[in-house]
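Throughout the sequence shown, residue numbering follows our numbering, covering 1331 to 1454 in sequence.
We put the beta carbon where it would ideally sit given N, CA and C, even for glycine.
For reference, the structure discussed in these notes is given below.
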Amino acid sequence: MHYLHAALAETLRLYPMIPVDGRCAKVDDILPDGHKVRRGDQAGPRICLSKEFAYRKMKISSIVLIHYFRFKLADDMKDATYKITTTLPMKGGLHLCVVPRTTLPTSQHEKSWNSSKVEFDLLF
1331 MHYLHAALAE TLRLYPMIPV DGRCAKVDDI LPDGHKVRRG DQAGPRICLS KEFAYRKMKI
1391 SSIVLIHYFR FKLADDMKDA TYKITTTLPM KGGLHLCVVP RTTLPTSQHE KSWNSSKVEF
1451 DLLF
């Protein structure tokens, strides 16, 4: 579980959902704890109140998906690109081939990629 948490945290660090934090102070201010914030500065990192719940939900979803399915990019030669906006969506989505996991030997699994693939678009 530690490795899954680390993989999710690193993915969110490299590809944050909100790539730019546009919040900044318009005027000089003093926070309730006495910390001084100058105009134009940010008041430091902000912690999402439901961060632990969100991590738990990502872990459960990841475990279920990885347990029951195998994933492969629909087009190995196409690079994933992003739109730069307030959030960080992928241009055109992420096209994947998803195959249910079975107890077939590895060589038969590889054949199943081509014979029974289903395409999904992940639009985050």
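Asked	Found
N-terminal and C-terminal residue of the alpha helix (DSSP H) that residue 1394 is part of	1381 to 1398
Where residue 1342 sits in the DSSP three-state scheme	helix
Rounded Cβ spacing between residue 1334 and residue 1389 (contact assumed at less than 8 angstroms)	6 angstroms
8 angstroms Cβ cutoff met for residue 1431 and residue 1399	yes
Helix, strand or coil at residue 1425 according to DSSP, with G and I counted as helix	strand
Residue environment, residue 1403, which counts as buried when at least 16 other CB atoms sit within 10 Å	exposed
Own chain, CB closer than 8 angstroms to residue 1338, minus 5 neighbours either side, in chain order	1385, 1388, 1389, 1392
Cβ neighbours of residue 1348 in the same chain (closer than 8 angstroms, five flanking residues each side left out)	1416, 1417, 1418
Straight-line gap, residue 1346 to residue 1406 (C-alpha atoms, nearest Å)	23 angstroms
Nonlocal neighbours in the same chain, by C-beta distance under 8 angstroms from residue 1342, ignoring five residues either side	none
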